[in-house]
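Novice:
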Amino acid sequence: MQIGYKLASEGYGPQEIIRQAVLAERAGFDFVEMSDHFHPWLDAQGHSSFTWSVLGAIAARTSTLRLATGVTCPTVRYHPAIIAQAAATMALISDGRFTLGVGAGERLNEHVVGQGFPSVRGRHERLREALEIIRLLWQGGYQSYEGRHLHLEDARVFDLPDTLPVIAVAASGEASARLAAELGDGLFATDADASIVEHYRRAQGAGPRYAEVPVAWATDEQQAVQAVLQTSRWMVTGWKVMSELPNPVNFDAASAYVEEKHIRQLFAVGPDPEPHVAKVRSYVDAGFDHIVLQNAGPDPDGFLDFFAGDLAGRLRAMG
Numbered sequence: 001m002q003i004g005y006k007l008a009s010e011g012y013g014p015q016e017i018i019r020q021a022v023l024a025e026r027a028g029f030d031f032v033e034m035s036d037h038f039h040p041w042l043d044a045q046g047h048s049s050f051t052w053s054v055l056g057a058i059a060a061r062t063s064t065l066r067l068a069t070g071v072t073c074p075t076v077r078y079h080p081a082i083i084a085q086a087a088a089t090m091a092l093i094s095d096g097r098f099t100l101g102v103g104a105g106e107r108l109n110e111h112v113v114g115q116g117f118p119s120v121r122g123r124h125e126r127l128r129e130a131l132e133i134i135r136l137l138w139q140g141g142y143q144s145y146e147g148r149h150l151h152l153e154d155a156r157v158f159d160l161p162d163t164l165p166v167i168a169v170a171a172s173g174e175a176s177a178r179l180a181a182e183l184g185d186g187l188f189a190t191d192a193d194a195s196i197v198e199h200y201r202r203a204q205g206a207g208p209r210y211a212e213v214p215v216a217w218a219t220d221e222q223q224a225v226q227a228v229l230q231t232s233r234w235m236v237t238g239w240k241v242m243s244e245l246p247n248p249v250n251f252d253a254a255s256a257y258v259e260e261k262h263i264r265q266l267f268a269v270g271p272d273p274e275p276h277v278a279k280v281r282s283y284v285d286a287g288f289d290h291i292v293l294q295n296a297g298p299d300p301d302g303f304l305d306f307f308a309g310d311l312a313g314r315l316r317a318m319g
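Per UniProt numbering, residue 1 is the first one in the sequence shown, and the count goes up by one each step.
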């Protein structure tokens, strides 16, 4: 099992994100995963830097830490040709430490380019075409592609690594899990749902299985809960809401009903290692082997120390 740290690009500026990544390597994390957003979920978070620039800086300042996008939508705000080029470059400058996490995207980030946001079916069709385009370009040479939604004209990625990046495809059900097995090299999910892993395996998926685990560390349990309510309560709304709302103000309204009890149901909170270990165990038992700790607590440095001193050994014993 590998253990990763979620870099909250919506919660911190780019220099702070880079600093946290360096500390995560020192604390013993195997990898970091960074979201690829244009907007934060809530105005209270206050940040959303350009992920690809930040990951490049992290690659230059670390030596063993693996890097991943969690996740990039390669269909609306970006064309898949751009992502194919960006991921290949990241693989080169990180000496093979990069994983490309991709998904169907959220309206929050994709509507900004003025092309609308497709239906669920349309998003999945576009994601399939995008993966086909990325794979085509990674074969080398000049390539063209005519899809129902996406097109490629006489394009070539000149700088390709000898070993191509792993592509981990975000899934929430059977169809997306099968796509991850067919056109990806790994699986990416946010729920401790064993059926997603089972669908992936039944479709002959045999790669790494990433999952984000919601935790919130603070020296006081109530302080941890309040931090989540302030900056991360949007996570309680669920994917059907998270994928559709266009702006932070909408997420603020949609999550206004969230109470302390909802936070405690979703997150492991506070300074006691036991709830954190139990939360991770639920994901490991569901079949995930690349665990990403998504800390919504108010003190990232304290959390990194907590991981190194109280969590790392116990979590690694699960694998």
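In this text, a Cβ means the ideal position worked out from N, Cα and C, and glycines have one as well.
#1: Mapping the DSSP letters down to three states, classify Met1 as helix, strand or coil.
#2: Assuming Val258 contacts Arg314 under a Cβ cut-off of 8 Å, what Cβ separation, rounded to an integer in Å, is found between them?
#3: For Ser9 and Ser53, which I take to be in contact (beta-carbon distance under 8 Å), what is that distance rounded to the nearest angstrom?
#4: Once you ignore the five residues that flank Val112 on each side, which residues in its own chain have a CB closer than 6 Å to its CB?
#5: If you compare alpha carbons, which of Phe303, Ala91, Val120 and Glu16 is closest to Gly105?
#6: Considering only residues of the same chain and omitting the five flanking positions on each side of Ala194, which have a CB-CB separation below 7 Å?
#7: Please report the residue range of the beta strand (DSSP E) in which His290 lies.
#8: Tell me, please, whether the region 203-218 touches the region 153-161 by the rule of three or more beta-carbon pairs shorter than 8 Å.
#9: To the nearest angstrom, how far is the alpha carbon of Met34 from that of Asn250?
#10: If we count the other Cβ atoms within 10 Å of its Cβ and call it buried at 16 or more, is Ser63 buried or exposed?
#11: How many whole angstroms separate the CB atoms of Val225 and Ile196, which I take to be in contact at a CB cut-off of 8 Å?
#12: Just to confirm, is the Cβ distance from Arg77 to Glu110 under 8 Å?
#13: Ordered along the chain, which non-local residues of its own chain (more than five positions away) have a Cβ less than 8 Å from that of Trp239?
#14: What residue range is occupied by the uninterrupted beta strand (DSSP E) comprising Arg156?
#15: Would you please state the rounded distance, in angstroms, between the beta carbons of Ile134 and Ile83? I believe it to be under 8 Å.
#16: Using a Cβ-Cβ distance under 8 Å, would Ala81 count as near chain B?
#17: Smallest Cα separation from Thr51: which of Gln20, Leu7 and Trp138?
#18: Quick one: give me the first and last residue of the alpha helix (DSSP H) that Asp265 is part of.
#19: With distance defined between alpha-carbon atoms, name the residue in Cys73, Pro74, Phe98 and Gly46 nearest to Ala59.
#20: Can you tell me which residues form a DSSP beta bridge with Ala68?
Specialist: Judging by the given coordinates:
#1: Along the sequence shown, read from residue 1 onward, the residue named residue 1 stands at position 1. Met1 falls in the coil class under three-state DSSP.
#2: Along the sequence shown, read from residue 1 onward, the residue named residue 258 stands at position 258. Along the sequence shown, read from residue 1 onward, the residue named residue 314 stands at position 314. The C-beta distance from Val258 to Arg314 rounds to 30 Å, too long to fall under 8 Å, and the pair is not in contact.
#3: By one-based count along the sequence shown, residue 9 stands at place 9. By one-based count along the sequence shown, residue 53 stands at place 53. Contact between Ser9 and Ser53 is ruled out by a C-beta separation of about 11 Å, above the 8 Å threshold.
#4: In the sequence shown, counting from the first residue as 1, residue 112 sits at position 112. Cβ neighbours of Val112 beyond the five flanking positions: Phe38.
#5: Sequence index remark: in the sequence shown, residue 105 carries index 105 (1-based). Answer by Cα proximity: Val120.
#6: Taking the first residue of the sequence shown as position 1, residue 194 is located at position 194. Scanning its chain for C-beta atoms nearer than 7 Å, with the 5 sequence neighbours on each side dropped, one finds around Ala194 the residues Ala286 and Gly287, in chain order.
#7: Walking along the sequence shown from the start, residue 290 turns up at place 290. Taken as a continuous stretch (DSSP letters only), the beta strand (DSSP E) holding His290 covers His290 to Asn295.
#8: Short answer: they don't touch.
#9: Position 34 of the sequence shown, counted from the first residue, corresponds to residue 34. Position 250 of the sequence shown, counted from the first residue, corresponds to residue 250. Looking at the two C-alpha atoms, the distance is approximately 23 Å.
#10: What you label residue 63 is simply residue 63 of the sequence shown in a count that begins at 1. Classified as exposed, Ser63 has fewer than 16 neighbouring CB atoms from the shown chains inside 10 Å of its CB.
#11: What you label residue 225 is simply residue 225 of the sequence shown in a count that begins at 1. What you label residue 196 is simply residue 196 of the sequence shown in a count that begins at 1. Rounded to the nearest angstrom, the Cβ distance from Val225 to Ile196 is 28 Å, too far for a contact under 8 Å.
#12: Your numbering for residue 77 matches position 77 in the sequence shown. Your numbering for residue 110 matches position 110 in the sequence shown. Yes, these two residues count as a Cβ contact at 8 Å.
#13: Against the sequence shown, residue 239 aligns to sequence position 239. Here the set comprises Ser172 and Thr190.
#14: Numbered from 1 along the sequence shown, position 156 holds the residue referred to as residue 156. Annotation for Arg156: no beta strand (DSSP E) segment contains it, and DSSP assigns it neither H nor E.
#15: One-based indexing of the sequence shown puts residue 134 at position 134. One-based indexing of the sequence shown puts residue 83 at position 83. The pair is a contact, with the Cβ atoms about 6 Å apart (cut-off 8 Å).
#16: Of the protein chains in this structure there is only one, and it is not chain B.
#17: Residue mapping note: residue 51 aligns to position 51 of the sequence shown, counting from 1. The shortest CA-to-CA distance from Thr51 to any of Gln20, Leu7 and Trp138 is the one to Leu7.
#18: What you label residue 265 is simply residue 265 of the sequence shown in a count that begins at 1. A small correction: the amino acid at residue 265 is Gln; Asp does not occupy that position in the sequence shown. Here the alpha helix (DSSP H) through Gln265 covers Glu260 to Leu266.
#19: Here residue 59 refers to the residue found at position 59 of the sequence shown. Residue Phe98 is the option with its Cα nearest to Ala59.
#20: As a working note, residue 68 is residue 68 in the sequence shown. DSSP lists Glu33 and Thr99 as partners of Ala68.
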